[in-house]
Amino acid sequence: MRFVGNIGLGALLATVVAGTAVAIAASWGGAYFLPGALAGTLAGAAALLRLRGRVRAAVAGLAVAAVAVVAAGAAGLPAEPGPASAVALAVLVGSVTRVAPARVVAAVATAGLAVVAAGGFTRPGSSGAFAVTTFALLAWAGGVLTGGALRLLDARRLAAVAAVRRDERLTIARELHDVVAHHVTGIVVQAQAAQLVARKDPAKAGESFAGIEAAGAEALAAVRRVVGLLRDDDGTDPGARAVSTGPERIADLVRRFERVGPPVHLQLPPDEDRWPAEVAAAVHRVVQEALTNVARHAAHAGGVTVTVSEVDGAVTVLVADDGDGGPPGVHSGYGIVGMRERVEALGGTLRAGPGPCGGWQVHGTLPLPAAGARAR
């Protein structure tokens, strides 16, 4: 693309050099066109080679134009910088303005303006000098404005890319925390239970080890699904889609939790399969993280209540335990942050804190899109 652009620029500069030479030969006669043609060719060459070093090319082009201005004033030649040099300087100044540091941009732009102004002052009464200087000034302004606009577009593009990368990192962090932490917590709890069982009844310890093995296999499968999600570019990998499990798997999640935690009283709505995938996944993650926190921080709780309902166009999920709630700050890790980000990203709200009758509860509300919006 750059090569094609350079071809077009070269053709434009050659046309301007030739046209200016013909015009000067017709009005001035003789070989008066040669100095301007040479200056335009050299400045144009610097513009064509700008990508090898934008600042160096701009300095070279400005030096050529400055020498041409001085020579034109001293020898009574046609006013400089001529149209070809002006076009080349515009490209060079714009190229530097787009990518160089602010100080370099200011220096190059000021030098370009000084060269253009000097050309108007050295031949104030010459034929066509005003038109040539005006064209050079407009070309300089166009180069600065174009370079500035492209610089702004580049900055916005980079900011958008940075935002996408930041969101992707947050997504990865949430997926790894939600999936891995849940399973690893189950393994740790079962390992602790196995130690107690082994002391009292070594014959029954094998059952605990079997549970640890099963939990480890589930954790490995979950990690593979997360990796599949991160590698799946077009959304066609069924293994990747499986990581975003919805409410239809909450019952399985609860049964797995009850192997290591207190009993759970589960209430699910009958029409949960109508929910959009993103809402279902968010509900599942809230329940998963809340149960993980119960296993970590409320191991002595007598029971847990998980209630998921749909009321007035919104899905409500409540996970409450009857434990002691843990010491202050124990629930301030990344799990609650991740839950809140997921829920708020869908326009919902999430609260986590001590329950009104003791224990700890997580309460989230996610609005459902209208039926027409779901159909679209």
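Straight run, no breaks: the sequence shown in UniProt numbering ends on number 376.
All C-beta atoms, glycine included, are put in the ideal place defined by N, C-alpha and C.
How many Å lie between residue i and residue j at the Cα?
i           : j    : result
residue 382 : G142 : Not covered by the structure: residue 382. The range shown for the chain is 1 to 376.
E80         : T133 : 8 Å
R340        : A277 : 18 Å
S309        : A198 : 42 Å
G186        : A214 : 10 Å
A31         : A162 : 57 Å
T110        : A160 : 31 Å
F121        : R166 : 54 Å
G36         : G5   : 24 Å
C357        : P202 : 40 Å
P269        : P101 : 60 Å
G239        : V304 : Note on G239: pLDDT 44, under 50, position unreliable in the model; the coordinate value appears next. Near 31 Å, if we compare the C-alpha coordinates of V304 and G239.
V55         : A88  : 14 Å
H265        : F257 : 12 Å
G246        : A281 : Note that G246 scores 43 on pLDDT, short of 50, meaning its location in the model is unreliable; the coordinates nonetheless yield the value given after this. Spanning the two alpha carbons is a distance of roughly 5 Å.
A63         : V105 : 16 Å
V294        : R157 : 43 Å
V317        : R274 : 16 Å
V188        : P369 : 40 Å
G353        : V144 : 57 Å
I7          : A45  : 12 Å
V311        : A345 : 20 Å
A107        : A221 : 59 Å
D321        : D154 : 51 Å
G359        : A149 : 58 Å
Q361        : V223 : 28 Å
A290        : K200 : 31 Å
T292        : A210 : 20 Å
G19         : F3   : 24 Å
G206        : G355 : 38 Å
A131        : R103 : 31 Å
R255        : G335 : 21 Å
P263        : A251 : 13 Å
A72         : A86  : 15 Å
Going by beta carbon distance, what residues of the same chain come within less than 6 Å of residue i, once the five residues before and after it are set aside?
i    : result
G347 : P367
E218 : H183
F33  : A21, I24, A25
V330 : Because the pLDDT of V330 is 48, which lies under 50, any placement of that residue in the model is unreliable, and the number read from its coordinates should be weighed accordingly. Same-chain partners within the cutoff: H297.
Q267 : T307
H363 : L318, R351
R374 : Annotation note: pLDDT 49 at R374 (below 50); position unreliable, coordinate value reported separately. Around R374: no qualifying Cβ.
V116 : A136, L137, W140
Measure how close the beta-carbons of residue i and residue j come, nearest whole angstrom, since I'm counting them as under 8 Å.
i    : j    : result
V306 : V315 : Incorrect: roughly 13 Å between the Cβ atoms, too far for contact.
R151 : R98  : 5 Å
V337 : V286 : V337 to V286, Cβ: 13 Å. No contact.
T41  : V70  : Contact doesn't hold; Cβ gap of about 18 Å is too wide.
G147 : V93  : 7 Å
A84  : L170 : Their Cβ separation, rounded to whole angstroms, is 53 Å, which puts A84 and L170 out of contact at 8 Å.
R249 : H284 : 7 Å
Opposite residue i in the DSSP bridges: which residues?
i    : result
Q267 : T307
W28  : W28 is not bridged to any residue.
G338 : For G338, which the question treats as bridged, DSSP gives no partner whatsoever.
H363 : L318, R351
G358 : P356
With a CB to CB cut of under 7 Å and the five nearest residues on each side skipped, what residues in its chain are close to residue i?
i    : result
H300 : G323
K204 : V197
I212 : I187, Q190, A191, A194
G216 : I187
A114 : none
L38  : none
G61  : A43, A46, A47, A88, L89, L92
L9   : A47, L48, V91
Identify which residue in the options has its Cα closest to the Cα of residue i.
i    : options                : result
G313 : A149, T365, G206, V343 : T365
V91  : A136, A129, A66        : A136
S208 : Q190, V223, R224       : Q190
A74  : L49, G359, A114, A118  : A118
F66  : G112, V16, H297, V104  : Looking at the sequence shown, residue 66 is not Phe but Ala. That would be G112, whose Cα lies nearest to the Cα of A66.
I43  : A68, G19, A155, K200   : With the sequence shown as reference, residue 43 is identified as Ala, and Ile is not the correct amino acid for it. Minimum Cα distance to A43 is reached at A68.
P11  : G29, S95, A47          : Rather than Pro, the amino acid found at residue 11 in this sequence is Ala. The candidate whose alpha carbon is nearest that of A11 is A47.
T349 : D321, V279, Q267       : V279
W140 : A129, S95, F3          : S95
G82  : A129, V59, I7, V93     : A129
G302 : I250, G261, G355       : G261
W28  : P263, A39, P78, L138   : P78
Counting only the same chain and skipping the five closest in sequence on each side, list residues whose C-beta sits under 8 Å from that of residue i.
i    : result
T236 : Per-residue confidence for T236 stands at a pLDDT of 45, beneath the threshold of 50, marking its modelled position as unreliable; the derived number appears in the next sentence. There are no such residues.
V49  : Here the sequence assigns Leu to residue 49, which means Val is not the residue at that position. Answer for L49: A57, listed in chain order.
T15  : none
Does any residue of chain D have a CB that is nearer than 8 Å to the CB of residue i?
i   : result
L89 : Chain labels in this structure do not include chain D; a single protein chain is all it has.
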